[in-house]
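The block underneath contains the structure these notes are about, expressed in structure tokens.
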Amino acid sequence: MPRFEVGMMWNARGWVNTPDTVHFMALPIAMKFPIELEKDVELELGLGGEPEFTLFGADPHKYFMMGVFGTVGISVDFKAFVFDFDLRYNVGLDDVSSFYPGSRSRDVQVLAGLLWHF
């Protein structure tokens with residue numbers, strides 16, 4: 004059965020602590036489709052989008068951006084909580100050439116964590 008997932012993360016694009024670095028808060032929203040590999044272990048494929056709100060960075064006029072992503076991951080169910088590991092390829096839909104000349108934002112994101120059942 005497909006699963007709807009909402010998250011929150013702080014991210015940065017660029018080199019750490021340089022004038023070109025952009026720090027932002029992202030709220031990824033994804034629809035994941037699990038494929039059972041064995042009991043309590045699933046491969047998950049998903050698609051999603053994320054609004055991104057700039058916290059501080061190189062372009063003070065770019066406060067809101069939008070991205071779309073594809074995700075592939077593994078989840079292991081331990082009854083009280085789920086261990087989740089995801090790889091995401093995120094493509095920004097906005098022109099970020101003011102701080103990266105001639106480019107659009109693209110990220111490969113690696114996420115891992117524990118999710119509690121409720």
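Residue numbers (the numbering used here): 4 to 121.
Note that the Cβ used here is the ideal one computed from N, Cα and C, for glycine as well.
>> Just to confirm before moving on: does the CB-CB distance between residue 71 and residue 94 stay below 9 angstroms?
In response: By the CB criterion at 9 angstroms, residue 71 and residue 94 fall inside the cutoff.
> What does residue 114 pair with, by DSSP beta-bridge criteria?
Replying inline: Beta-bridge annotation (DSSP): residue 114 is paired with 89.
> Between the beta-carbon of residue 81 and the beta-carbon of residue 43, is there less than 9 angstroms?
Replying inline: Yes, the pair counts as a contact, with Cβ atoms nearer than the cut-off.
>> In whole angstroms, give me the CA-to-CA distance for residue 51 and residue 8.
In response: So the two alpha carbons sit approximately 9 angstroms from each other.
>> Taking the beta carbon of residue 115 as the centre, do at least 16 other beta carbons fall within 10 Å, making it buried, or is it exposed?
In response: Around the Cβ of residue 115, a 10 Å sphere holds fewer than 16 other Cβ atoms; the residue is exposed.
>> Taking 9 angstroms as the threshold (C-beta atoms), are residue 30 and residue 201 in contact?
In response: The structure shown has nothing for residue 201, since the chain only spans 4 to 121.
> Which term fits residue 27, buried or exposed, when burial requires 16 or more other beta carbons within 10 angstroms of its beta carbon?
Replying inline: Buried, because 16 or more other Cβ atoms sit within 10 Å of the Cβ of residue 27.
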